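S.K.: Got a structure here, written out as structure tokens. Questions coming.
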Amino acid sequence: MFLSIFADELNMDFYDALPILKSWGLEAVDFRGRINGKAIEKQSKDELVTLKKTLDRAGLKTGALQSSLCKVHLPGPDVQQRELEKLEGLIRAADILQCPLVRSFNYWQHGETEPGLGDLAVRPDMMNQVLEMFEPIRKRAVEAGLVLSFENCGQTPDEVIALLDALRVPGWGMAFDCANMFDILPEAAGDATQYFTKCIRRANMIHVKARATLDVFTKWRNVPWARVLRAVSALPGDIPVSIETHNPAGSPYTPVECSKLCVDAIRKDWPSAAPTSIEAALEPESSFARPYADDPVRFVVVGLGMGKNRVRQLTETSGTKLVGVCDINLEKAKAVGEQYHVPYSDDINTFLGDPRVEVMYVVTPTGLHGSVARQCLEAGKHVLTTKPMDISSERCVDMIRLAKDQGLLLGVDFDERQRLRYLEQQEAMNRGFFGRVLAYNVNLYIRRDQAYYDENGGWRGTWALDGGGAFCNQGVHEVDRALLLLGMPKRVRSVIATQNHLIETEDAGVSEWQYDDDIQVRFASTTNYPIGSWYVRIEIHGTEGAYVHASGGPEGEHTWWGKNGTWSEACPYPVEQVWRQGSDRFAYSVRTGAPLGIGGEQGLLSRRILDALYASASQEGRWVDVAT
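Quick note: the sequence shown uses this note's numbering, first residue 4, plus one each step.
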């Protein structure tokens, strides 16, 4: 996702507003009106070419065309023709500005006698009227390659979702204005998590209004942006989060001031890494209250790449407290430290002698985990590392041995284990839902460009610091999940390749695992997927039941349970998510003395699998026994 803004919300012509927008560090702007005194669809070819050149010089892209297409009541033929002409102007703008994403409406605006709020979702007769009038727009937009995004303006999200289901055009979605009707819809007031989950799943654009973002406008209900943005970041594709300021009447701010405040507020809540699911991102803090919240476990985060996400988690979770951040890049450490008002340093020793610090959270490149953990353990600090534990089994064993000798806790942050869908799988396995398990298949499709591997010194995709590629960096969560459900296989084999990146390690691999009871596991992972996504598909089947989960791909996020010849989306054994993420579970053990949920021994197991997979690949895919 990326941050954009309605350029005309500054209440001035775009060319006058451009220096201001550029100074805010935005990467995109959205166009609606106030460009040469005209709307975007009214621009001539020459005006659009000039606009594109201006954007290129400024280093900006077009985030979306925020049109008023079909923002009228069910029309007659004359109005319909006018909207078709508007569409042609939008097609011209989309082509020249290289932006196919267009905000649209659907002739369904409440306020007249006949249409009532919510009707479109429950009245087939009204839906048929809309579809009939909208059909010429649909046909021409599809022909031109436009991606329409229907705003929940003048209608409920359920009505937009019903429309999308009826249209069935791949890629089309909801322009989810999080403020629209958020104050008045009972479902949003009753369970905001469920409401946002439903809406964000269908969104391909997000709108941000001042009245639901800035605390000064207290008569309105503010959107929980930190949670919402984390959820949006879990969506596949590059989703614009667009500031549509709508400076309220009587506001103490000018349109420019109000827009800048919205930009700053959203940036403050911007996630540093995508969560594992929309549901996990939206889970409210109150669901995970801890009895030791008044005496939280005190963490320092070491490594502020992915570590920035861990920093945020610690500040948002009951029972954990961020007391410092560390990175070899002092500028990066300073920025994060000042943002969260905690001490910062480029020297880990700054914190190792501080008696207030209880846990060092190691989020450095994988190949540094062992050396950093050793420093911390020898200084008397508990250690939680991100995944994988290290780049070899031998190094993992050394870390485990040292922690035991020091009488300290060593955990590995496989936070995927805390997610509800994984808990459901485990419960179904434990309850015998599948009968005798026969097969477990995982496909992980990811797109990573070369810049991903080159950033931060280029440590990713190296054997010395990453310890592997698509299997290790991206796929290790799936390796851990298979181990959790099935235990250790007796042998594995794999084939890896470096297909599309300038890296040492693999960017694609396929593997098979074999068990004593003949369970067959197939695991494939790639970072060469042509569509920007984190698309995972998991299939389990046994003698009595089956399971399919897909997320991040064309199916959206869906789970199916198969039993007695039928499929259901209802989990047969509902469970409750107990821990918010890995640091939450680790803090519990620190404060209560309870056994670790995911200790170094579990981290070692996944590393042993990875070592065996790479050993097999180096032997032309021969079967390799897994070390015990």
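Built from N, CA and C at the ideal position, the CB exists for glycine as well.
Since the model is a prediction, treat every value here as computed from it, not as a measurement.
Using C-beta distances below 6 Å, list every residue in its chain close to Arg95, excluding the 5 sequence neighbours before and after it, in chain order.
M.R.: Along the sequence shown, read from residue 1 onward, the residue named residue 95 stands at position 92. Taken in chain order, the list of residues that qualify is empty.
S.K.: Can you confirm whether the stretch 166-181 touches the stretch 122-135 when touching is taken to mean that 3 or more C-beta pairs between the two stretches lie within less than 8 Å?
M.R.: Cβ pair count under 8 Å is three or more, so yes.
S.K.: Does the beta-carbon distance from Thr159 to Leu188 come in below 8 Å?
M.R.: Along the sequence shown, read from residue 1 onward, the residue named residue 159 stands at position 156. Along the sequence shown, read from residue 1 onward, the residue named residue 188 stands at position 185. Closer than 8 Å, so yes.
S.K.: Suppose the cutoff is 6 Å on Cβ atoms and the five residues either side in sequence are ignored; what does the same chain contact list for Asn459 look like?
M.R.: Numbered from 1 along the sequence shown, position 456 holds the residue referred to as residue 459. Gly308, listed in sequence order.
S.K.: Between Val400 and Asn183, what straight-line distance do the alpha-carbon atoms span, to the nearest angstrom?
M.R.: Walking along the sequence shown from the start, residue 400 turns up at place 397. Walking along the sequence shown from the start, residue 183 turns up at place 180. Distance between the alpha carbons of Val400 and Asn183: 54 Å.
S.K.: CB-CB under 8 Å to Asn155, same chain, minus the five flanking residues each way: which ones, in chain order?
M.R.: Start at 1 with the first residue of the sequence shown, and residue 155 comes out as number 152. Glu162, Val163, Met177, Ala178, Phe179, Asp180, Asn183, Met184, Cys202, listed in sequence order.
S.K.: In chain order, which alpha helix (DSSP H) runs of at least 4 residues are fully inside the stretch 174-243?
M.R.: Counting whole runs of 4 or more residues, the stretch 174-243 contains the alpha helix (DSSP H) stretches 189-193, 195-204, 228-236.
S.K.: Secondary structure at Arg484, three-state DSSP: helix, strand or coil?
M.R.: Start at 1 with the first residue of the sequence shown, and residue 484 comes out as number 481. Note: Arg484 maps to helix in three-state DSSP.
S.K.: Looking at the unbroken beta strand (DSSP E) that takes in Cys475, where does it start and where does it end?
M.R.: As a first step, residue 475 is located in the sequence shown; it is residue number 472 there, counting from the start. No beta strand (DSSP E) contains Cys475, which DSSP labels as neither H nor E.
S.K.: On the DSSP bridge list, what partners appear for Val145?
M.R.: By one-based count along the sequence shown, residue 145 stands at place 142. DSSP output for Val145 lists no bridge partner at all.
S.K.: Helix, strand or coil: which one does DSSP assign to Tyr550?
M.R.: As a working mapping, residue 550 is identified with position 547 in the sequence shown. It is a strand residue.
S.K.: Let me know the secondary structure DSSP gives Asp614 once reduced to three states.
M.R.: The residue labelled residue 614 in the question sits at position 611 within the sequence shown. Helix, per DSSP.
S.K.: Which residue or residues does DSSP assign as beta-bridge partners of His2?
M.R.: Nothing in the structure corresponds to residue 2, since the chain is present only between 4 and 631.
S.K.: Considering only C-alpha positions, which residue in the set Ser374, Pro577, Leu412, Val386 is nearest to Glu397?
M.R.: For the purposes of this step, residue 397 is taken as residue 394 along the sequence shown, with counting starting at 1. The shortest C-alpha separation from Glu397 is found at Ser374.
S.K.: For Trp626, which residues from the same chain have a beta carbon less than 6 Å from its beta carbon, with the 5 sequence-adjacent residues on both sides left out?
M.R.: Here residue 626 is taken as the residue at index 623 of the sequence shown, counted from 1. If we look at Trp626 and ignore the five residues flanking it on each side, its Cβ neighbours are Arg494, Arg496.
S.K.: Can you grab the Cα-Cα spacing for the pair Leu170 / Asn109, in whole Å?
M.R.: On the sequence shown, position 167 is the one that residue 170 refers to. On the sequence shown, position 106 is the one that residue 109 refers to. Near 11 Å, if we compare the C-alpha coordinates of Asn109 and Leu170.
S.K.: Mapping DSSP to helix, strand and coil, what is Asp357?
M.R.: Position 354 of the sequence shown holds residue 357. Of the three classes helix, strand and coil, the one that applies to Asp357 here is coil, per DSSP.
S.K.: Cα-Cα, which of Gly438, Val244, Gly356 is closest to Ile8?
M.R.: Locating residue 8 in the sequence shown gives position 5, counting from the first residue. When only C-alpha atoms are compared, the closest one is Val244.
S.K.: Pick out the complete beta strand (DSSP E) segments inside the stretch 41-81, 3 residues or longer, and give them in chain order.
M.R.: Counting only runs of 3 or more, we get 64-72.
S.K.: Could you give the first and the last residue of the continuous alpha helix (DSSP H) run that contains Ser493?
M.R.: Here residue 493 is taken as the residue at index 490 of the sequence shown, counted from 1. Reading off the sequence shown, one finds Lys at residue 493, where the question assumed Ser. Per DSSP, Lys493 belongs to no alpha helix (DSSP H) and is neither H nor E.
S.K.: In the DSSP assignment, the beta strand (DSSP E) including Cys261 goes from what residue to what residue?
M.R.: Stepping through the sequence shown from its first residue, residue 261 is reached at position 258. Segment 258-271 is the alpha helix (DSSP H) holding Cys261; no beta strand (DSSP E) there.
S.K.: Kindly confirm or deny that the stretch 372-388 and the stretch 554-561 touch, where touching means at least three C-beta pairs closer than 8 Å.
M.R.: Because the criterion of three Cβ pairs below 8 Å is not met, the stretch 372-388 and the stretch 554-561 do not touch.
S.K.: Can we say the stretch 66-84 touches the stretch 4-18, given the rule of at least three CB pairs closer than 8 Å?
M.R.: Segments in contact, yes.
S.K.: Spell out the partners DSSP gives Asn39 in its beta bridges.
M.R.: Taking the sequence shown and counting its residues from 1, one reaches residue 39 at position 36. None, per the DSSP bridge assignment.
S.K.: Distance check for His372 and Val479, CA to CA, integer angstroms please.
M.R.: Start at 1 with the first residue of the sequence shown, and residue 479 comes out as number 476. Start at 1 with the first residue of the sequence shown, and residue 372 comes out as number 369. Distance between the alpha carbons of Val479 and His372: 16 Å.
S.K.: Count the other CB atoms, across all protein chains shown, that sit within 10 Å of the CB of Gly356; report buried if there are 16 or more and exposed otherwise.
M.R.: For the purposes of this step, residue 356 is taken as residue 353 along the sequence shown, with counting starting at 1. Exposed.
S.K.: Output the distance between the C-alpha atoms of Gln132 and Glu260, rounded to the nearest integer angstrom.
M.R.: Translated into positions along the sequence shown, residue 132 becomes position 129. Translated into positions along the sequence shown, residue 260 becomes position 257. Cα-Cα distance, rounded: 43 Å.
S.K.: Ignoring anything shorter than 4 residues, give me the alpha helix (DSSP H) runs that lie fully in the stretch 509-568, in order along the chain.
M.R.: Taking only runs of at least 4 residues, no alpha helix (DSSP H) segment lies wholly in the stretch 509-568.
S.K.: Do the CB positions of Leu317 and Leu325 come within less than 8 Å of each other?
M.R.: Here the question's residue 317 lines up with position 314 in the sequence shown. Here the question's residue 325 lines up with position 322 in the sequence shown. Cβ atoms of Leu317 and Leu325: closer than 8 Å.
S.K.: In the DSSP output, what is Arg301 paired with across the bridge?
M.R.: As a working note, residue 301 is residue 298 in the sequence shown. Partner(s): Lys324.
S.K.: Identify the residues that DSSP records as bridge partners of Glu154: which are they?
M.R.: If you number the sequence shown from 1, residue 154 lands on position 151. In DSSP, Glu154 forms a bridge with Ala178.
S.K.: Under 8 Å between the Cβ atoms of Leu447 and Val539?
M.R.: Taking the first residue of the sequence shown as 1, we reach residue 447 at position 444. Taking the first residue of the sequence shown as 1, we reach residue 539 at position 536. Going by C-beta atoms, Leu447 is nearer than 8 Å to Val539.
S.K.: Quick one, which of Gln342, Gly471, Arg313, Glu572 has its alpha-carbon nearest Arg424's?
M.R.: Residue 424 sits at position 421 when you count from the first residue of the sequence shown. The residue with the shortest Cα to Cα distance from Arg424 is Glu572.
S.K.: If you follow the alpha helix (DSSP H) that Val163 is in, where does it begin and where does it stop?
M.R.: For this step, residue 163 is matched to residue 160 along the sequence shown. Val163 -> alpha helix (DSSP H) spans 160-170.
S.K.: Which residue wins for smallest C-alpha separation from Ser321, given the options Val303, Ala292, Val328?
M.R.: For the purposes of this step, residue 321 is identified with residue 318 of the sequence shown, where counting begins at 1. Of the listed residues, the one whose Cα sits closest to Ser321 is Ala292.
S.K.: Please return the same chain residues whose Cβ sits closer than 7 Å to the Cβ of Glu115, not counting the five positions on each side in sequence.
M.R.: Your numbering for residue 115 matches position 112 in the sequence shown. With a pLDDT of 44 at Glu115, under the threshold of 50, the modelled position of this residue cannot be trusted; read the value that follows with caution. So the qualifying residues of the chain are His76.
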